[in-house]
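Data block below; observations after.
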Amino acid sequence: MTQFLSANDAPDINALINSAKAFKADPFGQQPGRQKMVINLFFNSSLRTRMSTEKAARQLGADVITYDASGGWGIEFADGSVMNGNTAEHVREAAGVLSQYCDVLCVRSFPSLEDRAADYEDRVMKSFVKYATVPVVSLESATRHPLQSLTDCLTIAEHRTVARPKVVLTWAPHPRRLPQCVSNSFAEWMRAWGEVDLIVANPPGFNLAPAFAPKNIVTHDQRAAFAGADFIYAKNWSAYDEYGATTTNFGDWMIDEEKMTLTNNAYFMHCLPVRRNVVVSDGVLDGDRSLVLQQANNRTWAAQAVLASLL
Amino acid sequence: MTQFLSANDAPDINALINSAKAFKADPFGQQPGRQKMVINLFFNSSLRTRMSTEKAARQLGADVITYDASGGWGIEFADGSVMNGNTAEHVREAAGVLSQYCDVLCVRSFPSLEDRAADYEDRVMKSFVKYATVPVVSLESATRHPLQSLTDCLTIAEHRTVARPKVVLTWAPHPRRLPQCVSNSFAEWMRAWGEVDLIVANPPGFNLAPAFAPKNIVTHDQRAAFAGADFIYAKNWSAYDEYGATTTNFGDWMIDEEKMTLTNNAYFMHCLPVRRNVVVSDGVLDGDRSLVLQQANNRTWAAQAVLASLL
Amino acid sequence: MTQFLSANDAPDINALINSAKAFKADPFGQQPGRQKMVINLFFNSSLRTRMSTEKAARQLGADVITYDASGGWGIEFADGSVMNGNTAEHVREAAGVLSQYCDVLCVRSFPSLEDRAADYEDRVMKSFVKYATVPVVSLESATRHPLQSLTDCLTIAEHRTVARPKVVLTWAPHPRRLPQCVSNSFAEWMRAWGEVDLIVANPPGFNLAPAFAPKNIVTHDQRAAFAGADFIYAKNWSAYDEYGATTTNFGDWMIDEEKMTLTNNAYFMHCLPVRRNVVVSDGVLDGDRSLVLQQANNRTWAAQAVLASLL
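Pasting the structure below:
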């Protein structure tokens with residue numbers, strides 16, 4: 001593996017899952033990070049991703065520098081521009097310099113939710129990849145969140161009781177306009193992994209980009225989707241079609257105990273943070289089939305597997 | 312010890328003092344933090360507490376992640392709430408997730424100084440304790456600052472020349488409205504320690520909560536309190552009775568050289584930062600009986616004793 | 623060496639260069655930082671300086687705490703002041719406390735560009751030096767940037783092909799008002815090093831302070847200065863005479879390929895970040911004589927040489 005941006009960079013997802021499991025069993029068992037440096041560069045703030053990645057790096061023996069650029073670091077991305085305005089440094093220099101200070105460069109960027117073409121170009125991440133001379137790891141980009149998805153594969157692998165579980169990715173209400181990254185990646189990884197049957201349930205108008213969720217796996221009938229499901233993965237996302245649109249008309253999309261009875265005693269998953277009694281009821285979240293804390297824990301081991309492979 | 316929130320959590324204060332002294336003599340003498348993680352979570356900013364706690368953890372061999380949430384991390388504390396507003400994550404998840412990333416969770420919160428009942432419930436700290444699955448250390452809460460107070464016990468233990476020194480906690484002028492935490496804890500710890508005679512001197516209207524400073528140890532006569540004192544501990548605090556009130560009529564409460572002549576050649580103590588020539592005169596602060604830098608130094612060893620006990 | 627604030631603190635620049643080269647060849651070859659702490663205190667934000675200094679310290683085996691005080695830490699610098707206003711802590715306590723938490727204290731401050739006398743007093747840096755009880759390293763002050771300059775000596779030493787190269791420090795256009803620190807220090811260090819012939823080229827009205835660039839090495843004719851040059855070091859700075867003044871009339875001062883043909887196939891240097899096609903053309907910056915990334919890389923080794931000498 002030479003970078004970690006999408007499921008395409010993971011030639012063998014089961015090998016990554018197994019590596020993550022090995023680190024979970026023995027966190028300090030391998031030290032490929034000795035005398036190496038990991039830089040985490042955040043263009044927007046982060047709790048789980050930052051902590052789990054720092055912990056993962058340190059458990060591998062590496063040093064970590066986390067740099068919060070959310071306050072503004074005016075990076076220029078256009079080639080040939082006359083930088084006489086608000087941008088102070090070109091990504092060529094930014095990526096080139098950071099590459100010299102580290103062995104793996106982890107970057108988090110985010111979408112505008114205004115300009116779909118620009119967001120789906122994923123320019124920040126791709127520019128860093130282009131000009132970095134060390135492996136780049138996405139800590140979430142404008143369109144994907146691969147470390148979350150690898151974590152989700154691991155969590156499902158640990159809890160499945162049938163060889164091929166039915167997994168439902170369901171849209172859920174949320175008062176804010178959220179990116180599509182987690183959902184895109186979840187669909188991408190479930191399909192790339194190939195060991196689950198994935199259904200995506202969302203209201204009309206909220207289909208994910210077809211490249212991530214082709215029409216044949218999308219339904220607008222949440223209750224039908226839940227029937228016989230082994231895993232319910234809830235997440236809000238804003239619209240891809242009418243890009244960035246959201247709704248305050250939540251309808252009947254919140255996940256509650258009654259709906260969970262439609263499933264095959266499914267586990268409940270969410271990447272956190274989660275709005276209680278908006279996305280999901282207290283009863284489901286606090287019930288014994290909720291895996292949200294296990295997911296957060298698994299972030300560390302997934303990150304460790306990825307970093308170990310790149311260091 | 313399973314948590315460190317108040318003097319009640321310290322079954323043997325002298326044992327903690329002795330542990331701190333041992334670390335001061337040999338900072339790297341014990342390494343119970345090896346392959347362990349300490350998380351410092353700050354809901355308001357900090358200099359001394361942050362640095363001394365980080366240093367203490369690292370000297371024990373632990374890794375540290377310091378997370379500054381002062382910019383806002385909308386945590387919901389109410390049970391059963393419909394999180395359709397400004398809070399993005401419930402403390403159940405926040406504490407549950409952080410617990411999985413560390414072995415000791417250190418939290419700093421702060422009072423509103425508006426709603427006494429709410430502040431004295433110490434909801435932030437208590438909620439983290441309730442939902443964390445690892446030991447919690449208070450880096451100052453809405454009502455207490457136990458690491459400062461253990462430090463103060465250590466500093467007094469190092470400098471006392473009589474078995475039972477007279478210690479005066481005195482209110483001092485300050486242009487801002489300050490919490491009662493340091494003063495509450497100082498009184499609590501001096502009394503729990505039981506090896507000093509404590510007097511609290513403050514203007515009328517500025518009595519601390521009776522639970523921390525019962526009436527029989529409170530005086531409004533600062534000069535009388537100073538008579539024969541071995542240690543003068545100065546601190547401003549806002550009112551408990553008319554909750555959060557302060558005054559710009561400082562009267563004669565500043566500590567200066569003349570007042571210090573009333574004492575038994577007392578040491579001067581303050582937790583810093585200190586407003587010169589408002590709280591205390593330059594002459595006292597720069598004099599050879601001032602212990603303020605020794606106190607700041609002792610923060611490291613007190614934190615190391617506490618973390619060592621919990622790791 | 624007992625501090626690192628200017629070229630005056632470096633008794634033997636070649637020894638520092640050689641130490642930096644040794645660390646570049648073997649980053650973990652010496653571990654004088656074991657069980658020691660370096661504190662980096664930033665009064666304004668930093669990318670390269672922060673990362674290279676952290677990396678340098680860690681490669682020496684030291685722990686590092688980086689404290690960002692750019693959000694405001696109201697430090698009082700005046701002696702005898704009645705601190706009844708906006709300043710919360712006197713530099714005596716600030717420096718005294720930090721000294722107890724570390725073995726080397728690194729400080730970055732910055733100029734106002736409003737009051738020349740105040741800026742050139744370098745009060746923040748000098749006050750920390752005065753009250754610190756550990757060695758102080760300047761991570762850039764109001765007037766100097768010595769770690770950058772030592773880096774520049776190293777980079778020139780690595781690339782010179784003649785014993786005594788001709789080095790041109792040239793003013794270049796920039797839309798913002800910038801400090802004189804990098805330029806002052808570059809001139810100071812080149813002269814103190816004594817192994818290059820230095821010319822400073824700048825527009826009329828933009829002479830550096832005579833103490834850094836005496837008249838006999840200053841020219842207003844950039845093209846004449848470039849003739850036969852071995853190294854072109856570009857940097858914008860605001861005026862020293864009409865203090866802080868800048869210009870948007872950039873004239874013909876941008877460095878481009880045509881101008882570089884006037885030189886002896888000179889290397890191009892800049893401390894970064896750099897405004898492309900304002901300070902320098904893409905062609906020069908991306909050309910094979912550009913050393914800007916090597917300079918950024920050398921920051922680590924220069925810092926490591928300095929810290930190793932002080933730890």
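Chains as they are written, first to last, in the working numbering: chain A, 1 to 311; chain B, 312 to 622; chain C, 623 to 933. Using N, Cα and C, we set each Cβ at its ideal position, and we do this for glycine too.
How is residue i classed by DSSP in three states: helix, strand or coil?
i	result
E114/A	coil
S99/A	helix
F626/C	strand
C775/C	helix
A545/B	strand
H767/C	coil
C582/C	Summary: the structure shown does not reach residue 582/C, with chain C confined to residues 623 through 933, and so no result is reported for it.
R911/C	coil
Y592/B	A small correction: the amino acid at residue 592/B is Ser; Tyr does not occupy that position in the sequence shown. Note: S592/B maps to coil in three-state DSSP.
M580/B	strand
S438/B	helix
R786/C	coil
Y243/A	coil
A94/A	helix
E451/B	coil
R656/C	coil
Can you list, in chain order, the residues of its chain with a C-beta nearer than 6 Å to that of residue i? Leave out the 5 residues immediately preceding and following it.
i	result
M37/A	D63, C102 and D103
V278/A	P173
A239/A	G205, F206 and A245
P801/C	P733
V914/C	H892 and L894
V746/C	S731
N666/C	S692 and F732
Assign residue i to one of two classes, buried (16 or more other C-beta atoms within 10 Å of its C-beta) or exposed (fewer than that).
i	result
R92/A	buried
T151/A	buried
F808/C	buried
A740/C	exposed
T572/B	exposed
K215/A	exposed
D908/C	exposed
R314/A	Because chain A here runs from 1 to 311, residue 314/A falls outside it and cannot be looked at.
K441/B	exposed
N236/A	buried
P768/C	buried
G33/A	buried
A229/A	buried
P757/C	buried
R680/C	buried
At a CB-CB cut-off below 7 Å, which residues of chain C make contact with residue i?
i	result
D593/B	G702
P584/B	A710, E711 and E715
Can you name the residues of chain C whose CB is closer than 9 Å to the CB of residue i?
i	result
F339/B	Q657
T645/B	Residue 645/B lies beyond the residue range present for chain B, which begins at 312 and ends at 622; the question has no answer from this structure.
Along chain A, in chain order, which residues have C-beta atoms closer than 7 Å to that of residue i?
i	result
A918/C	V97 and Q100
Determine the chain A residues that contact residue i at a beta-carbon separation under 9 Å, and present them in chain order.
i	result
E365/B	Within chain A, no residue comes near E365/B; the closest Cβ sits about 14 Å away, beyond 9 Å.
R670/C	V97 and Y101
N547/B	The contacting residues do not exist; N547/B stays about 32 Å from chain A at best.
What residues of chain B sit near residue i, judged by a beta carbon separation below 7 Å?
i	result
D685/C	R369
R662/C	Checking the sequence, you will find Asn at residue 662/C rather than Arg. Neighbours of N662/C on chain B: none; closest Cβ ~11 Å, over 7 Å.
M705/C	R586, R587, N588 and V589
P175/A	N395
L293/A	G407, V408 and Q411
For residue i, I'd like the list of residues in its chain whose CB is within less than 8 Å of its CB, leaving aside the five on either flank, ordered along the chain.
i	result
V280/A	A172, A234, M254, I255, D256, F268, H270 and V274
Mind listing the chain C neighbours of residue i? Cutoff is C-beta to C-beta under 8 Å, in chain order.
i	result
S131/A	For clarity, residue 131/A is Tyr in the given sequence; the question names Ser instead. None at all; the shortest Cβ gap to chain C is about 10 Å.
**Message:** Within 8 Å, do at least three Cβ pairs link the segment 287 to 306 of chain A to the segment 13 to 31 of chain A?
**Reply:** With three or more CB-CB distances shorter than 8 Å, the segment 13 to 31 of chain A counts as touching the segment 287 to 306 of chain A.
**Prompt:** Is there contact here, the segment 874 to 890 of chain C with the segment 799 to 815 of chain C, by at least three beta-carbon pairs under 8 Å?
**Reply:** Segments in contact, no.
**Prompt:** Using 8 Å as the Cβ pair cut-off and three pairs as the minimum, do the segment 151 to 167 of chain A and the segment 25 to 39 of chain A touch?
**Reply:** Segments in contact, no.
**Stretch-stretch touch, CB-based, cutoff 8 Å, three pairs: the segment 389 to 402 of chain B with the segment 74 to 93 of chain A** = Because the criterion of three Cβ pairs below 8 Å is not met, the segment 389 to 402 of chain B and the segment 74 to 93 of chain A do not touch.
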